[in-house]
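Novice:
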Amino acid sequence: MIARLSAISFNTFREAVRDRVLYNLVFFALLLVAAAPLFGEISIGLEKLILVNVGLSAISIFGIIIAIFIGIGLVSKEIEKKTLYTILSRPVRRWEFIAGKYLGLIMTLVVNAAFMTAGFYLALLVASRGLGKDDAGLLVAIYFIILEFFIVTAITLLFSSFSSPILAAVFAFALFAIGSFAEDLRNFAALATGATKWLATGAAYLVPNFSALNVISQVAHSQSISGRLILLNTVYALLYSLTATIGAILIFERRNLK
Amino acid sequence: MNTRRNTIAIAVLLVAAFTGSVLSLNGVEAARGRQATLEEILYIPSAKALKRMGLGYSGVLADIYWTRAVQYYGQKLATRRPDLRYDLLYPLLDITTDLDPHLIVVYEFGSVFLSQRPPVGAGQPDKAVALLEKGIRNNPDYWRLYFDLGCIQYFDRKDYKAAQEAFEKGSENPKSLIWMKTMAASMAERANDPETALNLWTRLYETASDEMVKQNAVQHIEGLRADHEVLELERRVKMYQQRTGRLPSNWYEMMHEGLLAQVPMDPADKPYKLMPDGTVQVEDPDSIPFLTKGIPPGWKKSTKP
Chain A
57 MIARLSAISF
67 NTFREAVRDR
77 VLYNLVFFAL
87 LLVAAAPLFG
97 EISIGLEKLI
107 LVNVGLSAIS
117 IFGIIIAIFI
127 GIGLVSKEIE
137 KKTLYTILSR
147 PVRRWEFIAG
157 KYLGLIMTLV
167 VNAAFMTAGF
177 YLALLVASRG
187 LGKDDAGLLV
197 AIYFIILEFF
207 IVTAITLLFS
217 SFSSPILAAV
227 FAFALFAIGS
237 FAEDLRNFAA
247 LATGATKWLA
257 TGAAYLVPNF
267 SALNVISQVA
277 HSQSISGRLI
287 LLNTVYALLY
297 SLTATIGAIL
307 IFERRNLK
Chain B
429 MNTRRNTIAI
439 AVLLVAAFTG
449 SVLSLNGVEA
459 ARGRQATLEE
469 ILYIPSAKAL
479 KRMGLGYSGV
489 LADIYWTRAV
499 QYYGQKLATR
509 RPDLRYDLLY
519 PLLDITTDLD
529 PHLIVVYEFG
539 SVFLSQRPPV
549 GAGQPDKAVA
559 LLEKGIRNNP
569 DYWRLYFDLG
579 CIQYFDRKDY
589 KAAQEAFEKG
599 SENPKSLIWM
609 KTMAASMAER
619 ANDPETALNL
629 WTRLYETASD
639 EMVKQNAVQH
649 IEGLRADHEV
659 LELERRVKMY
669 QQRTGRLPSN
679 WYEMMHEGLL
689 AQVPMDPADK
699 PYKLMPDGTV
709 QVEDPDSIPF
719 LTKGIPPGWK
729 KSTKP
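Chains A and B, in that order, give the protein sequences. First residue of the first sequence? That's 57 in my numbering, and the numbers climb one at a time after it. First residue of the second sequence? That's 429 in my numbering, and the numbers climb one at a time after it.
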């Protein structure tokens with residue numbers, strides 16, 4: 057099972073790395089990170105703050121775009137090229153195919169994030185003429201961004217398991233936008249009464265909560281992030297991704313591929 | 429059979445993972461503590477910057493900011509702490525109205541949130557006036573904002589001249605209701621008269637469409653009614669004393685003397701209390717929030733929700 061999973065995931069990684077869209081996006085992300093010191097030039101006393109905010113936001117946004125645009129093609133491309141039938145005719149189970157695809161894309165995203173992080177720290181080094189102790193705290197924000205990728209990839213895979221690539225992209229982007237406002241949804245649920253409260257609470261738990269994973273503003277202001285939050289966010293991101301991936305597996309298991 | 433068992437196992441795993449995610453999310457919220465509050469919403473305090481970043485969708489942004497202002501107010505209010513502060517309320521309302529200057533509801537409700545005394549409001553009538561003046565500048569045809577401004581000048585700032593000016597200006601609008609002129613006249617002639625206050629709250633009750641505003645007006649009307657009744661009952665107790673040479677020990681003695689038709693009831697439907705010194709008190713001042721007369725000495729407002 058491990059061998060089959062790693063074969064599918066490494067193939068997915070290799071395929072994604074060959075994708076030109078990926079390089080374009082990484083190039084733009086690095087360009088934005090590199091340009092961040094220039095934004096700082098036009099303001100007073102905020103050079104580093106702008107660099108951190110823009111740099112980390114670029115890593116997050118471009119990573120999410122990559123996750124969605126590559127994620128939507130994971131299943132459909134295999135069906136389109138008819139390679140899925142070759143894979144499934146071998147002793148590979150459907151759930152192994154989905155899990156392998158998920159892990160492959162995660163691998164791609166982590167490698168990309170590592171490249172972008174290197175670019176970001178390089179820009180920070182140039183702009184601040186050195187790195188301080190506080191700059192290590194920025195890695196927590198990057199770690200949370202990677203956790204965001206875990207969730208976004210899983211929900212993209214879930215949508216692409218039953219809809220067309222375009223619709224899957226629309227659904228995934230919409231859910232990402234809703235998840236970014238999950239805090240408001242929870243606050244609304246806390247103040248609502250009756251059936252509205254139940255509905256809002258249910259919706260707040262159902263949509264992914266990206267608010268807790270976005271600590272860019274805090275780390276930009278050198279605020280520390282507690283170890284407990286890091287642990288709980290990790291558990292949450294892993295369990296939510298697992299839920300969405302299992303959902304994708306359930307749908308894919310029942311899908312008629314003829 | 430095997431496939432079915434697999435599906436059931438996967439479904440069970442899905443439910444378990446989702447339950448785990450819900451529990452861990454609760455843990456995340458608890459761990460975030462203050463970080464998770466709305467205090468962080470002013471990272472972009474400039475509406476101009478927000479407008480540009482919103483790519484022209486300033487209407488939606490205004491709606492979001494208004495929702496956040498209401499949530500901020502509601503969350504603070506729910507704590508019922510006596511040392512409550514609403515520091516972010518005005519900036520939130522200001523940003524919302526910068527984003528959408530024609531969002532009338534923000535001026536109307538926001539000014540009420542700002543002007544009322546703590547803990548039910550921010551106790552910032554000056555800022556409420558600033559918000560309403562901004563609303564009037566942006567929506568000069570909406571006469572109701574003049575009425576709201578007049579009420580805040582009258583009730584919260586006790587600036588009767590400014591209240592008169594607001595009612596007068598509002599009455600110049602052809603769409604305004606006829607009694608706006610009467611209000612302006614009342615301010616000029618007998619601003620201190622409780623009748624004037626009662627009249628204002630009654631008009632507010634009649635013209636308001638929102639249940640919360642109506643409820644607030646009812647509470648003020650009940651407070652004024654109880655104030656008036658306490659004074660009237662104490663006057664009648666004195667009449668009884670003049671006639672009989674002693675103070676009454678209960679309401680029935682006064683009914684027997686023809687000074688009362690029945691046991692007097694307060695707006696909360698509880699009988700007024702006749703004290704041995706001839707003063708009159710209400711049974712439960714908490715049930716009449718805006719009461720100023722008949723409050724037992726040393727009584728403290730309840731902080732219970």
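Cβ atoms here follow ideal geometry from the backbone N, Cα and C, with glycine treated the same way.
Name, going along the chain, the residues of the region 296 to 313 of chain A whose beta-carbon falls closer than 7 Å to a beta-carbon of chain B.
Specialist: Among the residues of the region 296 to 313 of chain A, those with a Cβ less than 7 Å away from any Cβ of chain B are 296, 298, 299, 302, 303, 305, 306, 309, in the order of the chain.
Novice: Can you find the residues in the same chain that come closer than 8 Å, C-beta to C-beta, to residue 668 (chain B), ignoring five residues on each side of it along the sequence?
Specialist: 675, 676, 681, 682, 685, 687
Novice: State yes or no: is the beta carbon of residue 677 (chain B) nearer than 8 Å to at least one beta carbon in chain A?
Specialist: no
Novice: Leaving aside the five residues before and after residue 72 (chain A) along the sequence, list all residues of the same chain whose C-beta is less than 8 Å from its C-beta, in chain order.
Specialist: 78, 126, 160, 161, 164
Novice: Per DSSP, which residues does residue 291 (chain A) bridge with? Please list them.
Specialist: In DSSP, residue 291 (chain A) forms no bridge with anything.
Novice: Whose Cβ in chain B lies nearer than 8 Å to the Cβ of residue 268 (chain A)?
Specialist: 453, 456, 457, 460, 464, listed in chain order.
Novice: Does residue 131 (chain A) come within less than 8 Å of chain B when only Cβ atoms are used?
Specialist: no
Novice: So which residues of chain A does residue 521 (chain B) contact, with C-beta pairs closer than 7 Å?
Specialist: Within 7 Å Cβ-Cβ: nothing; residue 521 (chain B) doesn't reach chain A, min ~17 Å.
Novice: What distance in whole Å lies between the Cβ atoms of residue 548 (chain B) and residue 505 (chain B), which are believed to be in contact at a cut-off of 8 Å?
Specialist: Taking 8 Å as the upper bound for CB-CB distance, residue 505 (chain B) and residue 548 (chain B) are in contact here, some 7 Å apart.
Novice: Looking at chain A, is there any beta carbon in it that lies within less than 8 Å of the beta carbon of residue 496 (chain B)?
Specialist: Chain A has a Cβ within less than 8 Å of the Cβ of residue 496 (chain B).
Novice: According to the neighbour-count rule (16 or more other Cβ atoms, all chains shown, within 10 Å of its Cβ), is residue 83 (chain A) buried or exposed?
Specialist: By the neighbour-count rule (16 or more Cβ atoms within 10 Å), residue 83 (chain A) is not buried but exposed.
Novice: Helix or strand or just coil, what does DSSP make of residue 519 (chain B)?
Specialist: helix
Novice: Suppose contacts are defined by Cβ-Cβ distances below 8 Å. Is residue 649 (chain B) in contact with residue 629 (chain B) by that definition?
Specialist: yes
Novice: From residue 712 (chain B) to residue 544 (chain B), what distance separates their C-alpha atoms?
Specialist: Cα-Cα distance, rounded: 22 Å.
Novice: From the beta carbon of residue 7 (chain A), is the nearest beta carbon of chain B less than 8 Å away?
Specialist: With chain A represented from 57 up to 314, any question about residue 7 (chain A) goes unanswered, as that position is not in the structure.
Novice: Is any beta-carbon of chain A found at less than 8 Å from that of residue 716 (chain B)?
Specialist: Answer no: the Cβ-Cβ gap between residue 716 (chain B) and chain A never drops below 8 Å.
Novice: Which residues does DSSP pair with residue 693 (chain B) in a beta bridge?
Specialist: B:699
Novice: Using DSSP bridges, identify the partner residues of residue 709 (chain B).
Specialist: Under DSSP, residue 709 (chain B) shares a beta bridge with B:701.
Novice: Under a CB-based cut-off of 8 Å, is residue 190 (chain A) close to chain B?
Specialist: no
Novice: Report the rounded CA-to-CA distance for residue 575 (chain B) versus residue 595 (chain B), giving the unit in angstroms.
Specialist: 6 Å
Novice: So within the region 551 to 627 of chain B, which uninterrupted alpha helix (DSSP H) runs reach at least 4 residues, ignoring any that extend past its ends?
Specialist: 553 to 566, 572 to 583, 588 to 599, 607 to 618
Novice: Counting Cβ pairs, one atom from each stretch, are 3 or more of them under 8 Å apart for the region 700 to 710 of chain B and the region 654 to 668 of chain B?
Specialist: Judged by pairs of C-beta atoms under 8 Å, the region 700 to 710 of chain B touches the region 654 to 668 of chain B, as three or more such pairs exist.
Novice: Quick check: the Cα distance between residue 235 (chain A) and residue 138 (chain A), rounded to an integer number of angstroms?
Specialist: Going by the C-alpha atoms only, they are around 34 Å apart.
Novice: Helix, strand or coil for residue 664 (chain B)? Go by DSSP, reduced to three states.
Specialist: helix
Novice: Any idea what DSSP makes of residue 221 (chain A), helix, strand or coil?
Specialist: helix
Novice: Using a Cβ-Cβ distance cut-off of 8 Å, determine whether residue 583 (chain B) contacts chain A.
Specialist: no
Novice: Going by C-alpha to C-alpha distance, which of B:459, B:454, B:568 sits closest to residue 286 (chain A)?
Specialist: B:459
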